[in-house]
Amino acid sequence: MNKRGFASDNFSGVLPEVMEAIQKVNYGHSMAYGGDPYTAAAIDKFKELFGHDIDVYFVFNGTGANVIGLSTLTQSWNSVICPSTAHIQVDECGAPDKLTGCKFIPIEVKDGKLTPELIKTQLHGFGFEHHSQPKVISITQCTELGTVYTPEEIKAICDLAHKHDMYVHMDGARLANAVASLDVDVREITNKAGVDVLSFGGTKNGMMLGEAVIFFNPELSKNAKYVRKQSMQLCSKMKYIACQFEALLTDDLWLKTARHANKMAKLLEREVRKIDTIQITQKVQSNGIWAIIPKDKIEKLQNEYFFWIWDEHKGEVRWLCSFDTTEDDINGFVALLKKELC
Numbered sequence: 045m046n047k048r049g050f051a052s053d054n055f056s057g058v059l060p061e062v063m064e065a066i067q068k069v070n071y072g073h074s075m076a077y078g079g080d081p082y083t084a085a086a087i088d089k090f091k092e093l094f095g096h097d098i099d100v101y102f103v104f105n106g107t108g109a110n111v112i113g114l115s116t117l118t119q120s121w122n123s124v125i126c127p128s129t130a131h132i133q134v135d136e137c138g139a140p141d142k143l144t145g146c147k148f149i150p151i152e153v154k155d156g157k158l159t160p161e162l163i164k165t166q167l168h169g170f171g172f173e174h175h176s177q178p179k180v181i182s183i184t185q186c187t188e189l190g191t192v193y194t195p196e197e198i199k200a201i202c203d204l205a206h207k208h209d210m211y212v213h214m215d216g217a218r219l220a221n222a223v224a225s226l227d228v229d230v231r232e233i234t235n236k237a238g239v240d241v242l243s244f245g246g247t248k249n250g251m252m253l254g255e256a257v258i259f260f261n262p263e264l265s266k267n268a269k270y271v272r273k274q275s276m277q278l279c280s281k282m283k284y285i286a287c288q289f290e291a292l293l294t295d296d297l298w299l300k301t302a303r304h305a306n307k308m309a310k311l312l313e314r315e316v317r318k319i320d321t322i323q324i325t326q327k328v329q330s331n332g333i334w335a336i337i338p339k340d341k342i343e344k345l346q347n348e349y350f351f352w353i354w355d356e357h358k359g360e361v362r363w364l365c366s367f368d369t370t371e372d373d374i375n376g377f378v379a380l381l382k383k384e385l386c
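FYI, in my numbering the residues of the sequence shown are 45 to 386.
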């Protein structure tokens with residue numbers, strides 16, 4: 045499958061700058077397990093972005109990042125509150141449940157976003173030995189439905205969590221798209237808003253592989269290195285992950301790519317809204333569109349431009365744009381939609 049479709053930003057290739065960075069470090073010998081200068085340089089890039097009072101751990105993938113972040117904050121008798129649509133709830137095969145030992149409490153949401161009012165329904169049983177103890181609220185930015193939390197919304201959730209001696213974990217697999225959408229400093233929706241631990245995504249934004257777990261309070265990360273090792277996420281040749289992040293965070297490349305993906309989604313939205321047989325179901329705030337289309341047309345459309353079905357009962361599908369999506373891709377797909385659906 046070489047033709048660009050709209051299934052996922054995971055389907056895209058690797059940014060040229062990232063590939064060049066990998067090639068540059070691919071010579072000579074370096075200390076393993078993060079003792080190399082490339083890992084140090086990448087951590088410095090993150091400190092430029094978020095401030096110096098942070099702790100950074102590189103891992104292989106997003107599930108690993110989420111597991112390490114959550115495991116470091118919890119004990120097995122704790123519970124984690126999350127949206128019903130969250131990746132940790134739906135798409136990680138129970139890895140967070142198994143490896144943290146925690147109870148996960150999903151809350152039904154319409155737009156992927158938790159609110160203090162929804163969360164408060166689950167804040168009970170504190171100190172009661174028969175009840176799992178709420179410890180973490182996990183939110184996703186951008187959400188699994190492409191929507192975006194504002195800084196004020198995140199701060200309200202963080203304030204509520206900290207009031208109850210709880211922490212906030214953010215799954216930021218597509219954090220770059222949220223920052224680009226809101227046009228704010230990344231700190232405004234992370235550490236300044238009160239987020240305690242962040243899974244910072246790289247793979248969906250042009251890296252070959254790799255994510256980062258960022259602790260905004262180093263006191264919380266005392267055991268993170270042991271959790272990472274036990275979770276089989278400690279990369280021996282860490283320079284190959286780290287150098288990608290250094291490239292991605294240089295000259296705001298991570299934001300340029302996200303802005304482009306968001307722009308392509310807006311272009312697709314504008315054209316799709318002209319087709320009466322398509323119903324867009326969520327606000328288009330990042331790089332994705334969720335839409336209901338005639339079920340009997342889905343397979344034929346997928347054969348030309350592959351995409352995923354989101355809800356097969358409703359005929360709801362998801363179209364995601366990537367750093368390498370072009371206007372020609374959009375125009376070709378829209379022409380196909382018009383041909384089959386109009």
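Positions of the beta carbon are idealized from the N, C-alpha and C atoms, including for glycine.
Margin query: By the three-class DSSP mapping on this structure, what secondary structure does residue 338 have?
Written below: coil
Margin query: Between which two residues does the beta strand (DSSP E) holding residue 206 run?
Written below: No beta strand (DSSP E) holds residue 206; the alpha helix (DSSP H) holding it covers 195-207.
Margin query: Runs of 3 residues minimum, wholly inside the region 249-290: which ones carry the beta strand (DSSP E) assignment?
Written below: 255-259
Checklist line | Alpha-carbon to alpha-carbon, residue 49 and residue 364 | finding: 8 Å
Next item on the list: Tell me whether residue 96 is buried or exposed, calling it buried when 16 or more other Cβ atoms sit within 10 Å of its Cβ.
Entry: exposed
Check: For the putative contact between residue 150 and residue 127, defined by C-beta atoms under 8 Å, what is the C-beta separation to the nearest angstrom?
Finding: 7 Å
Next item on the list: Rounded to whole angstroms, what's the CA-CA distance from residue 303 to residue 367? Just pull it up for me.
Entry: 8 Å
Check: Curious, which full-length alpha helix (DSSP H) runs of at least 4 residues does the region 124-168 contain?
Finding: 131-134, 139-144 and 160-164
Notebook entry, point to check: Leaving out the 5 sequence neighbours to the left and right, which residues in its chain are closer than 7 Å to residue 54 when beta-carbon positions are compared?
Noted result: 247 and 248
Note to self: Within 10 Å of its beta-carbon, does residue 314 have 16 or more other beta-carbons around it, so buried, or fewer, so exposed?
What the structure shows: exposed
Next item on the list: Counting only the same chain and skipping the five closest in sequence on each side, list residues whose C-beta sits under 7 Å from that of residue 306.
Entry: 221, 224, 225, 330 and 331
Notebook entry, point to check: In the structure shown, what three-state DSSP assignment does residue 94 receive?
Noted result: helix
Check: Under a Cβ-count criterion, where at least 16 other Cβ atoms within 10 Å of its own Cβ denotes burial, should residue 356 be classed as buried or exposed?
Finding: exposed
Note to self: Along the chain, where does the beta strand (DSSP E) containing residue 103 start, and where does it finish?
What the structure shows: 99-103
Margin query: My output table needs one value for residue 362: the three-state DSSP class, helix, strand or coil.
Written below: strand
Checklist line | Rounded separation between residue 308 and residue 185 - CA only | finding: 19 Å
Item checked: Same chain only: Cβ atoms within 8 Å of residue 208, ignoring 5 sequence neighbours per side -> 167, 170 and 178
Item checked: Counted within 10 angstroms of its Cβ, other Cβ atoms place residue 122 as buried (16 or more) or exposed -> buried
Next item on the list: Evaluate contact between the region 254-269 and the region 133-147, counting only Cβ atoms and requiring at least three cross-stretch pairs below 8 Å.
Entry: no
Check: Short check: CB of residue 86 to CB of residue 217, under 7 Å?
Finding: no
Next item on the list: State the DSSP-derived secondary structure class of residue 75, mapped to helix, strand or coil.
Entry: coil
Check: Going along the chain, which residues of its own chain have a beta-carbon closer than 8 Å to the beta-carbon of residue 328, five neighbours each way excluded?
Finding: 190, 309, 310 and 313
Item checked: Those residues which DSSP pairs with residue 119 across a bridge -> In DSSP, residue 119 forms no bridge with anything.
Checklist line | Close-in-space but distant-in-sequence residues of the same chain around residue 94 (CB under 8 Å, 5 per side omitted) | finding: 230, 231, 234, 235, 258 and 260
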